[in-house]
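Asks:
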Amino acid sequence: MSRELFIFEGLIPLLKAAAVCIYLMIMVIIMVWLERRVVGWLQGRLGPNRVGFQGVLQPIADTVKLLFKENIMQKQADWLLFNIAPIIVLVSALLPFCFIPLGDSIPFKNYTFTFWVAESPVGLLLILGLSSLSVFALVFGGWGSNSKYPLLGGLRAVIQILSYEIPIGLAMLAVIFYSQSLNMVDIVQKQAVTGWNIGKWPLIVPFVIFWICAVAETNRAPFDLPEAESELVAGFHTEYSGIKFAFFFMAEYTHMVLASSLAVVLFFGGWLAPFSQVKALAWLHPFPGAGVFWYFFKIMCFLYLYIWIRGTFPRYRFDELIKLAWKWMVPLALLNIFIVALVRLHS
Amino acid sequence: MPYKHIEISMGPQHPSTHGVLQLKVTADNEVVLNVEPVIGYLHRGMEKLWEHRTYPQIVPLTDRLDYLGAILNNLAYVLAVEKLAGIEVPKRAQYIRVILAELQRVASHLAWIGFNANDIGAMSVLLYGFIEREGLLDLFEEYCGARLTVHGLRIGGVPHDLTPKVCELIRGVVTSVPRRLADIEALLSENRIWKHRTVGIGRIAPAEAIQYGLTGPALRAAGVRWDIRKNIPYSSYEDFDFDVPLGTHSDVYDRYLVRMAEMRQSLRIITQALDRLPAGEVRAKVPRLLKIPPGEVFLSVEAAKGELGFYIKSNGTDKPERVKMKAPSFINMQCFEKMCQGHLIADLVAILGSLDIVLGEIDK
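Same order as they appear, the protein sequences are chains A and B.
Just so it is clear: in the first sequence, position 198 is 190 by the working numbering, and no numbers are missing.
Just so it is clear: in the second sequence, position 296 is 1279 by the working numbering, and no numbers are missing.
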């Protein structure tokens, strides 16, 4: 009995945690490659296609290069802040994935294997809180570098992320009104009965708000001001080199995967196959565990959208960005909460 | 001591200073209070060098000034020398010069739209512009063997006649460039973000622009009708029918519109010149050892960046006594400080891009 307890309560969660980390690292590799190839394709050029088949090994080659690069820290930098920032940024990007359901559960005889590391009744809040910790990393990195471009980039990053945290929270609140739970697994299971959240009309606007804010929160184009290379060189990580720079890089892509996962779980039914409540389409989800494929397929669509947006739009200016958040996103999200509340009250 | 202002040194190694330009920016948080351009990192002593070269030897050196508009530099210089020496250029050569110069203007503007858009964050536009520019460079390569620093003109005419292959390439470019321009305009012209970033940014009053000596598309974006091709025609420009696009607001957006329209007008000129290409020689008889009797001349042309002028003083030998160049980028750069006042750091790069400077020309 105690041996089973050890396996089910100790070993498997531990292995799952390790698997999630590996999964994210693989996602980073896929994304780095995909981004370069897709942006290259959008722009009528090739992108990396030499290392491995179609250049798939290029991100690995880059990582090896970064590992062997000299680790530079200027004299005037604050040792503690400068070195702690890359760790915080990566940890804050990895931890939220404990609560993200990556697939449905597979029942065995007396044990149910689940595709999530932990299930918490306040999962969504934890995810928001943990991912927001990355702000500290940007402040520490920007301030600790003791240099002007990182300082400006750090300031921009903090104001931007804090501004967009509010509408993104309000957009999620609308989903919570419907699911009546903060548990990520519950949110998905509710959608199995009622259909995807995106199919409910009061949740379409929150989704748009959510997605715009998600792009802004991950510092991606067209909201990539904190690291706008044409203005601030590289923003808050200008002074970082080698593996510390790689940490920031990995964290950015992990945050993208996180934002895509949240969009999928909250609005697009997580691991559920399309129209999962329709009996005739049950073959889309043939066996337990097939949800992993659907989850993966959906997040890849969103990750592609990230790249597509980057290839299309110019960059916002800082004041316009803040105006967009406070003058449009926040009032719109508040109004929408009101509408959602009325609709829910009525039904 | 209150730390109110922040001093930032942008460049000379900065992604968007278009070469080796340093900007000393004083900013209050992100609002630019003062900006001081520091130039001279690319100084090669061109004007002094020219005093020790014969007249034909100087032509390839002018390629290196505005390296995005090599033929336009050639044109300004050879026209000045021909005027000083009293050389009559055959009509066919004049037309070929117009074709090459306008192609070069299109190539220069295509590079400009790419850089300016890239500074504002629209990366794809850079590549779209460069795909078309590649076709133009291939054309130059077919014509004279070089792509960037082409040395495409000679004193007294042009080095080669247009071969059927070159004509075919020119016709191809004339049809492919408008399509690409339409693509770029679809991405930018009505794009909210692009308009946020460009409308009302970097304004300068027309009177002030004239006082500063601003020329080229930036001046025409202010609504001043000053195009040397129209006002003081040279090299048979009076034979062609084209419009001078004008702006009204004198901001970054209008400069964008003016340059985009200008490219279309250039293509119009090219088509006309190609259709009406007169027969005859392409090069006047110019003595190999060109000695010009004492005298002086100033002649300017409408280059891609603005009014490009050459002052040449001859002393009867085969080398000029003094050559002074009026570089449009250098003079346009003076307005930069004025335009940036009160804008944000992000606008700084947008304004710099909209002026379309080339450091090779500023530093000589």
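Virtual Cβ for every residue (Gly too), placed ideally from N, Cα, C.
Could you check whether T210 (chain A) and L34 (chain A) sit closer than 9 Å to each other, using their CB atoms as the reference points?
Replies: No. Outside cutoff.
Asks: Please report whether the beta-carbon of L1170 (chain B) lies at a distance below 9 Å from any beta-carbon of chain A.
Replies: Yes, because at least one Cβ of chain A sits closer than 9 Å to the Cβ of L1170 (chain B).
Asks: I want to verify the contact list: residues of chain A whose CB lies under 7 Å from the CB of W1095 (chain B), in sequence order.
Replies: Under the 7 Å cutoff, chain A gives no residues; its nearest Cβ is about 15 Å from W1095 (chain B).
Asks: Within the chosen definition, does the stretch 1282 to 1293 of chain B reach the stretch 1180 to 1188 of chain B through at least 3 CB pairs nearer than 8 Å?
Replies: Contact between the stretch 1282 to 1293 of chain B and the stretch 1180 to 1188 of chain B is absent, because fewer than three Cβ pairs lie under 8 Å.
Asks: Should the stretch 1070 to 1085 of chain B be regarded as contacting the stretch 1118 to 1138 of chain B, the criterion being three or more beta carbon pairs within less than 8 Å?
Replies: The stretch 1070 to 1085 of chain B vs the stretch 1118 to 1138 of chain B: in contact.
Asks: Could you compute how far the alpha carbon of G146 (chain A) sits from the alpha carbon of K101 (chain A)?
Replies: Taking the straight line joining both Cα atoms gives about 52 Å.
Asks: Under the rule that 16 or more other beta-carbon atoms within 10 Å means buried, what is R1162 (chain B), buried or exposed?
Replies: Exposed, since its Cβ has fewer than 16 Cβ neighbours within 10 Å.
Asks: Would you kindly report the start and end of the unbroken alpha helix (DSSP H) that includes D74 (chain A)?
Replies: At residue 74 (chain A) the sequence reads Phe, which differs from the Asp that was named. Its alpha helix (DSSP H) spans residues 71 to 86.
Asks: Check whether the Cβ of F305 (chain A) lies closer than 9 Å to any Cβ atom in chain B.
Replies: With 9 Å as the cut-off, F305 (chain A) counts as an interface residue toward chain B.
Asks: In chain order, what residues of the same chain have a beta carbon less than 8 Å from the beta carbon of V180 (chain A), not counting five sequence neighbours either side?
Replies: Same-chain partners within the cutoff: P93, V257, G261, G262, W263, L264.
Asks: Going along chain A in order, which residues have a C-beta closer than 9 Å to the C-beta of A1100 (chain B)?
Replies: Chain A residues near A1100 (chain B): P306.
Asks: Taking C-beta pairs closer than 9 Å, name the residues in chain A that R1180 (chain B) reaches, listed in chain order.
Replies: Neighbours of R1180 (chain B) on chain A, chain order: P306, R307, Y308, R309, E312.
Asks: In the DSSP output, which residue or residues are listed as bridge partners for A1010 (chain B)?
Replies: Paired residues: B:I989, B:V1015.
Asks: W1033 (chain B) to G36 (chain A), Cα distance in whole Å?
Replies: Looking at the two C-alpha atoms, the distance is approximately 42 Å.
Asks: Tell me whether G1292 (chain B) sits in a helix, a strand or coil according to DSSP, three-state version.
Replies: Three-state result, G1292 (chain B): strand.
Asks: For the alpha helix (DSSP H) containing F60 (chain A), name the first residue and the last one.
Replies: Its alpha helix (DSSP H) spans residues 50 to 60.
Asks: I'd like to know if the stretch 284 to 294 of chain A and the stretch 249 to 256 of chain A are in contact, where contact means that at least 3 CB-CB pairs between them fall below 8 Å.
Replies: Judged by Cβ distances under 8 Å, the stretch 284 to 294 of chain A makes contact with the stretch 249 to 256 of chain A, as three or more pairs qualify.
Asks: Rounded to whole angstroms, what is the Cα-Cα separation between R42 (chain A) and R29 (chain A)?
Replies: Rounded to whole angstroms, R42 (chain A) to R29 (chain A) spans 12 Å at the Cα level.
Asks: Would you give the residue range spanned by the beta strand (DSSP E) that L1048 (chain B) belongs to?
Replies: Taken as a continuous stretch (DSSP letters only), L1048 (chain B) belongs to no beta strand (DSSP E), as it is neither H nor E.
Asks: By the 7 Å beta-carbon criterion, what residues does the stretch 26 to 44 of chain A contribute toward chain B?
Replies: Residues passing the 7 Å Cβ filter: L34, Q35, G36, R37.
Asks: Spell out a yes or no on whether the stretch 17 to 24 of chain A and the stretch 238 to 252 of chain A are touching, meaning 3 or more CB-CB pairs, one atom from each, closer than 8 Å.
Replies: Contact holds: three or more Cβ-Cβ distances are below 8 Å.
Asks: What are the start and end residues of the beta strand (DSSP E) that includes M1316 (chain B)?
Replies: Run containing M1316 (chain B): none; DSSP gives neither H nor E here.
Asks: Please confirm whether S1159 (chain B) and Y1239 (chain B) have their CB atoms less than 9 Å apart.
Replies: No, the Cβ-Cβ distance between S1159 (chain B) and Y1239 (chain B) is not below 9 Å.
Asks: Measure from the alpha carbon of G161 (chain A) to the alpha carbon of each residue in A:I14, A:L120, A:Q172, then state which is nearest.
Replies: With distances taken between Cα atoms, G161 (chain A) lies closest to A:L120.
Asks: For F128 (chain A) versus S84 (chain A), is the C-beta distance shorter than 9 Å?
Replies: Going by C-beta atoms, F128 (chain A) is nearer than 9 Å to S84 (chain A).
Asks: Could you please give me the residues that DSSP links to Q1005 (chain B) through a beta bridge?
Replies: Note: Q1005 (chain B) sits in a beta bridge opposite B:V1021.
Asks: Using 8 Å as the cut-off, can you tell me whether the stretch 1255 to 1267 of chain B makes contact with the stretch 1227 to 1242 of chain B, which would need three or more C-beta pairs spanning the two stretches below that distance?
Replies: As far as the Cβ criterion goes, the stretch 1255 to 1267 of chain B does not touch the stretch 1227 to 1242 of chain B, which means the pair count is below three.
Asks: On the DSSP bridge list, what partners appear for E1279 (chain B)?
Replies: According to DSSP, which records beta bridges pairwise, E1279 (chain B) is partnered with B:K1296.
Asks: Would a C-beta distance cut-off of 9 Å place F310 (chain A) and L1327 (chain B) closer than the cut-off?
Replies: For F310 (chain A) and L1327 (chain B), yes; Cβs fall inside 9 Å.
Asks: Determine, for D70 (chain A), whether the minimum Cβ-Cβ distance to residues of chain B falls below 9 Å.
Replies: Closer than 9 Å: no.
Asks: Give the range of the beta strand (DSSP E) segment to which V1306 (chain B) is assigned.
Replies: V1306 (chain B) -> beta strand (DSSP E) spans 1303 to 1309.
Asks: Output the boundary residues of the alpha helix (DSSP H) element that contains F356 (chain A).
Replies: Look at the range of chain A in this structure, -7 to 339, and you will see that residue 356 (chain A) is not part of it.
Asks: Kindly say whether N1174 (chain B), judged by its beta-carbon, lies nearer than 9 Å to any beta-carbon of chain A.
Replies: So yes, N1174 (chain B) belongs to the interface.
Asks: With DSSP as the reference, label E1191 (chain B) as helix, strand or coil.
Replies: E1191 (chain B): helix per DSSP, three-state reduction.
Asks: Any beta carbon from chain A within less than 9 Å of S1107 (chain B)'s own beta carbon?
Replies: Cβ-Cβ to chain A under 9 Å: yes for S1107 (chain B).
Asks: For the putative contact between I1295 (chain B) and V1284 (chain B), defined by C-beta atoms under 8 Å, what is the C-beta separation to the nearest angstrom?
Replies: Incorrect: roughly 14 Å between the Cβ atoms, too far for contact.
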